[in-house]
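>
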Amino acid sequence: MQYVNKFVYICTMSFQLEKYKGIHPGIILERLLAKKEISQRPFALSIGEHPQTINAITKGRRSLTTALALKIEAALGLEEGSLAFLQTYYEIAQEKKKVLHTPNLSNLRKSLFWDTDISKINWDKQYRAIIQRVYERGNEAEKKELKAFYGEDKIKTALRNTRRKPYTIYKNKQKA
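Position 124 of the sequence shown, counting from 1, maps to 124 under the UniProt record's numbering, and the rest follow consecutively.
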């Protein structure tokens with residue numbers, strides 16, 4: 001019976017952490033501290049850490065070391081290894097962002113994406129908005145590049161499931 005309880009506990013724990021995968025553990029830490037109404041500075045001093053270090057971690061500017069994760073988990077009563085687990089998955093997500101495949105950017109005008117840095121676009125996650133923008137404002141070469149990158153089926157599906165109406169230009173009507 002003891003093994004069944006441990007298995008259920010482990011499954012529950014991994015399910016709870018599943019929704020936080022890819023998020024910096026510092027953001028989770030900041031939320032936990034706010035929930036428990038603990039200020040960062042006194043918390044940092046209570047675990048023997050510099051307040052600046054805890055602040056940098058909660059802002060996502062610094063990674064969480066395993067030693068510090070163990071201290072924080074013990075102080076907050078968290079499952080041992082949970083913050084280190086989140087740090088690992090955050091690092092995996094960051095590496096995946098670096099190797100995302102992109103279309104040939106030389107075939108797409110930067111002005112087409114005037115409101116964002118074209119090199120930081122997540123072409124897989126934001127494909128609907130990208131397809132819609134290129135098909136509303138792009139030229140034939142840009143549409144051809146997207147067809148080669150996404151495939152015709154994905155483009156048809158994205159255009160069919162469009163939630164907003166395309167931009168149209170209305171001419172002022174002359175009053176007679």
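For each residue, glycine too, the CB sits at the ideal point set by N, CA and C.
1. Examine the Cβ distances between the stretch 114 to 125 and the stretch 58 to 74 and report whether three or more of them are shorter than 8 Å.
2. Should residue 24 go down as buried or exposed, given a rule of 16 or more other Cβ atoms within 10 Å for buried?
3. Where do the N-terminal and C-terminal ends of the alpha helix (DSSP H) with residue 46 fall, by residue?
4. Could you check what DSSP says for residue 23 in three-state terms: helix, strand or coil?
5. My assumption, with CB atoms under 8 Å, is that residue 158 sits in contact with residue 107. Please give the rounded CB distance.
6. By how many angstroms is the C-alpha of residue 70 removed from the C-alpha of residue 81?
7. Please state the DSSP three-state secondary structure of residue 51.
8. Does the stretch 97 to 116 come close enough to the stretch 73 to 88 to have 3 or more Cβ pairs within less than 8 Å?
9. Roughly how many angstroms lie between the CA atoms of residue 148 and residue 60, to the nearest whole one?
Here's the rundown:
1. no
2. By 1-based counting over the sequence shown, the position of residue 24 is 24. Buried, since its Cβ has 16 or more Cβ neighbours within 10 Å.
3. Start at 1 with the first residue of the sequence shown, and residue 46 comes out as number 46. Counting along the chain, the alpha helix (DSSP H) containing residue 46 begins and ends at 40 to 46.
4. Looking up residue 23 in the sequence shown gives position 23. In the structure shown, residue 23 sits in coil (DSSP, three-state: anything other than H, G, I, E or B).
5. Looking up residue 158 in the sequence shown gives position 158. Looking up residue 107 in the sequence shown gives position 107. Their Cβ separation, rounded to whole angstroms, is 19 Å, which puts residue 158 and residue 107 out of contact at 8 Å.
6. Locating residue 81 in the sequence shown gives position 81, counting from the first residue. Locating residue 70 in the sequence shown gives position 70, counting from the first residue. Taking the straight line joining both Cα atoms gives about 7 Å.
7. Indexing the sequence shown from 1 puts residue 51 at position 51. Note: residue 51 maps to helix in three-state DSSP.
8. no
9. For the purposes of this step, residue 148 is identified with residue 148 of the sequence shown, where counting begins at 1. For the purposes of this step, residue 60 is identified with residue 60 of the sequence shown, where counting begins at 1. Near 37 Å, if we compare the C-alpha coordinates of residue 60 and residue 148.
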